[in-house]
Amino acid sequence: MSKKAVQGGQPPKGPADENTGHAQGENPWRQLPAVSSLLNTERGRVLLQEFPRPLVVAAIRQVLEEIRQGLRAGEETFPPPDTNILERATALLRRQQQRSLRRVINATGIIIHTNLGRSSLAEEARQALLEVAGSYSNLEYDLESAERGSRQVHVEKLLCQLTGAEAALVVNNNAAAVLLALQTVAPGREVIVSRGQLVEIGGSFRIPEVMAASGAILVEVGTTNKTKLADYSRAINDRTALLLMVHPSNYRLVGFTASVSLEELISLGRERQLPVMFDAGSGYLLDLGVEALACEPVVQKAVQSGADLVTFSGDKLLGGPQAGIILGRRQFIARMRSNPLARALRIDKLSLAALEATLRLYFDPLTAKTRIPTWRRLVIPREEIERRAKALTELLRSAQPQLTISLQPQESLSGGGSLPEEGLPTLAVAIRHPQLSAQGLARHLRQNDPPIITRVAQQHVLLDPRTMDTEEFPLIAAALARISLG
Ligand SMILES: *Cc1c(COP(=O)(O)O)cnc(C)c1O
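Residue numbers (the working numbering): 6 to 491.
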């Protein structure tokens, strides 16, 4: 950094004057103090004890620049006193010190919220992750033979036991799983997909684009609303490598529609000696007997119906870490394993540890439903939601008497590409503040530490107890108690 820049705010011959072209004498920002003089004050010296000098200088410079812009725009007429400038720099330094990626409170009611990190992990998964994070591990070391092992052994057998699959492979995420499978099974050859299933998931995963990236050739059959088995059958030729079915995840075809079931596609595949792959997306591993999810495809059933390959995400309905899981025939999985792309897409050890621990919870359906947060939130009974909504209301009433609080029947969403239409009935705590708009109130909550993410509807801020833990309620009350309007 040049000395010139450090003195950016100094009058009257300071370089800032030249940069802005203002005539001297008529610009109030000429009176801005120099960085060096601010550092020489009592408060400046305290700051230097707390933060490294380059950070302090940069923060002061940034504040000075903001003030200069304010003056230029006519929003401020006189430069603030030195202590004020240093206070703003201190606040800026504290904000900068905060980790960028951190915990938030999800009050939106969207359970698998992709922007908020999808699934939170079960206690068992967190423990496993921590243990592996802080030590060496037998990640790729066979304790029996003392030789090099495969990281896949930690989950492959569990996945096969749980679903009946012949073999399994886990990678970085489901997009990677689909890419690896297509690139291994169908490079330069044709893959037949229904036009009704050429989906886009979350902006960047589009079936046609993943197909192109894999080197496979997409053959679309049927129409957007109707695809029949004969459409697939007619499209098969000697270049065909695979029949692909994609779970439409985040939308539904309703009205005048027809689609082919996975079972029908599998029998066609058998007849024509072609493998069938199912991208199940959301990853409902086993039928846990949850009525609201009765329409979701179950991974175990897809495997048992004879799908040659099934892929799904680790952090959607499975409730584990980000991962992509591929189940299927031994020959295909073996070929994927030796594909160089597998190395590029491999799962890391922390995710692997969390995935193994999550999978172990599935051996008992009741354990899965009670220990995995995603499932707890999906099956939480109505009375429990009511109880929590009332408890939160009480807390908020005493924390911030100015609030208007009501309970509103609303719908939570499962998110993550499962159940695109059906909401889960919930009871939201709806709040209003007499001097703040709903957007303003939502912003205040977002700026809290930890940030509280809410939904705004009809001039109310909605807090859905389904996606919050009761331990988070006092934090919300404290955030609202801190509202002070000047
Ligand atoms: C979510 C989803 C994907 C992408 O999975 P990621 O784990 O986010 O990479 C792919 N296909 C379907 C059908 C999905 O629902």
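The beta-carbon is built from N, C-alpha and C at its ideal position, and this holds for glycine as well.
Remember, it's a predicted structure, so these values are computed and weren't measured experimentally.
Cβ shell of residue i (< 6 Å), same chain only, five flanking positions each side left out
{"i": "Ala64", "result": "Ala94, Leu97 and Leu98"}
{"i": "Gln413", "result": "Ala433 and Ala435"}
{"i": "Thr189", "result": "Arg340, Met341 and Asn344"}
{"i": "Glu171", "result": "Arg334 and Arg335"}
{"i": "His27", "result": "Since pLDDT at His27 reaches only 44, below the 50 mark, its modelled position is unreliable, and the value read off the structure follows with that caveat. Nothing meets the Cβ criterion."}
{"i": "Ala483", "result": "none"}
{"i": "Glu391", "result": "Leu432"}
{"i": "Ala362", "result": "Glu129, Ala130 and Ala133"}
{"i": "Val51", "result": "none"}
{"i": "Ala394", "result": "Leu412, Leu432, Val434 and Pro470"}
{"i": "Glu81", "result": "Gly75"}
Three-state class that DSSP yields for residue i in the structure shown
{"i": "Met492", "result": "Because the chain spans 6 through 491 in this model, residue 492 falls outside it and cannot be assessed."}
{"i": "Ser264", "result": "coil"}
{"i": "Val461", "result": "strand"}
{"i": "Glu145", "result": "coil"}
{"i": "Ser41", "result": "helix"}
{"i": "Phe56", "result": "coil"}
{"i": "Ser105", "result": "coil"}
{"i": "Glu389", "result": "helix"}
{"i": "Val224", "result": "strand"}
{"i": "Lys395", "result": "helix"}
{"i": "Phe210", "result": "strand"}
{"i": "Pro85", "result": "coil"}
{"i": "Gln67", "result": "helix"}
{"i": "Leu91", "result": "helix"}
{"i": "Lys231", "result": "strand"}
{"i": "Ser489", "result": "coil"}
{"i": "Gln74", "result": "helix"}
{"i": "Leu121", "result": "helix"}
{"i": "Pro430", "result": "strand"}
{"i": "Pro414", "result": "strand"}
{"i": "Gly420", "result": "strand"}
{"i": "Thr46", "result": "coil"}
{"i": "Thr245", "result": "strand"}
{"i": "Thr409", "result": "strand"}
{"i": "Pro17", "result": "Note on Pro17: pLDDT 39, under 50, position unreliable in the model; no value is reported."}
Sequence-distant residues of the same chain with beta carbon closer than 7 Å to residue i, five excluded per side
{"i": "Gly497", "result": "In the structure displayed, the chain extends from 6 to 491; residue 497 sits before or after that span and is not available."}
{"i": "Gly49", "result": "Leu43 and Leu91"}
{"i": "Val384", "result": "Val295 and Lys374"}
{"i": "Arg517", "result": "Since the first residue of the chain shown is 6 and the last is 491, residue 517 is not available in this structure."}
Cut-off 8 Å between Cβ atoms - residues of its own chain near residue i, not counting five sequence neighbours on either side
{"i": "Thr372", "result": "Leu366"}
{"i": "Glu269", "result": "Leu234"}
{"i": "Arg3", "result": "Nothing about residue 3 can be read from this structure; the chain reaches only from 6 to 491."}
{"i": "Ala217", "result": "Leu223"}
{"i": "Asn143", "result": "Gly154"}
{"i": "Leu480", "result": "Ile110, Asn453, Pro455 and Ile457"}
{"i": "Lys211", "result": "Looking at the sequence shown, residue 211 is not Lys but Arg. If we look at Arg211 and ignore the five residues flanking it on each side, its Cβ neighbours are Leu203, Val204 and Glu205."}
{"i": "Arg351", "result": "Arg156, Val176 and Asn177"}
{"i": "Ala181", "result": "Gly329 and Leu350"}
Cβ-Cβ separation, residue j to residue i (assumed contact under 8 Å), whole Å
{"i": "Arg437", "j": "Gln464", "result": "7 Å"}
{"i": "Tyr141", "j": "Gly154", "result": "No, Tyr141 and Gly154 are not in contact; Cβ-Cβ is about 14 Å, not under 8 Å."}
{"i": "Val137", "j": "Lys354", "result": "6 Å"}
{"i": "Pro213", "j": "Leu247", "result": "The Cβ separation is near 15 Å, so there is no contact."}
{"i": "Leu360", "j": "Val160", "result": "6 Å"}
{"i": "Leu249", "j": "Val196", "result": "5 Å"}
{"i": "Gly492", "j": "Thr475", "result": "Within the shown structure, residues of the chain are numbered from 6 to 491, placing residue 492 beyond reach of any answer."}
{"i": "Ala307", "j": "Val295", "result": "No, Ala307 and Val295 are not in contact; Cβ-Cβ is about 17 Å, not under 8 Å."}
{"i": "Ala39", "j": "Ala358", "result": "Ala39 to Ala358, Cβ: 53 Å. No contact."}
{"i": "Ile72", "j": "Gly420", "result": "Wrong, their Cβ atoms sit about 43 Å apart, outside the cutoff."}
{"i": "Ser254", "j": "Val198", "result": "At roughly 14 Å, the Cβ-Cβ gap does not stay under 8 Å, so Ser254 and Val198 are not in contact."}
{"i": "Ser287", "j": "Ala328", "result": "Ser287 to Ala328, Cβ: 13 Å. No contact."}
{"i": "Pro439", "j": "Gln405", "result": "That belief does not hold up - the Cβ atoms of Pro439 and Gln405 are roughly 11 Å apart, past 8 Å."}
{"i": "Arg508", "j": "Ala127", "result": "An answer regarding residue 508 cannot be provided, because it is not within the stretch 6 to 491 covered by the chain."}
Within-8 Å CB hit, residue i to chain B
{"i": "Leu43", "result": "Of the protein chains in this structure there is only one, and it is not chain B."}
Considering only heavy atoms of ligand 1, list every residue whose Cβ is less than 5 Å from one of them, following chain order.
-> Ordered along the chain, the selected set is Asn178, Asn179, Ala180, Ile206, Phe210, His252, Ser254, Asp284, Gly286, Ser318 and Gly422.
Within the stretch 267-309, note down every full beta strand (DSSP E) run reaching 3 residues or more, in order along the chain.
-> DSSP runs (the beta strand (DSSP E)) wholly in the stretch 267-309: 281-286.
Length at least 4, wholly inside the stretch 310-366: the alpha helix (DSSP H) runs in chain order | The stretch 310-366 contains, as complete alpha helix (DSSP H) runs of 4+ residues, the segments 335-342, 345-349 and 354-365 (chain order).
Length at least 4, wholly inside the stretch 433-486: the alpha helix (DSSP H) runs in chain order | Within the stretch 433-486, the complete alpha helix (DSSP H) runs of at least 4 residues fall at 443-451 and 478-486.
Segments of 4+ residues assigned as alpha helix (DSSP H) that fall wholly inside the stretch 124-208 = When DSSP assignments are scanned along the stretch 124-208, the uninterrupted stretches of alpha helix (DSSP H) that are 4 or more residues long and fall wholly within it turn out to be 128-138, 158-168 and 179-190.
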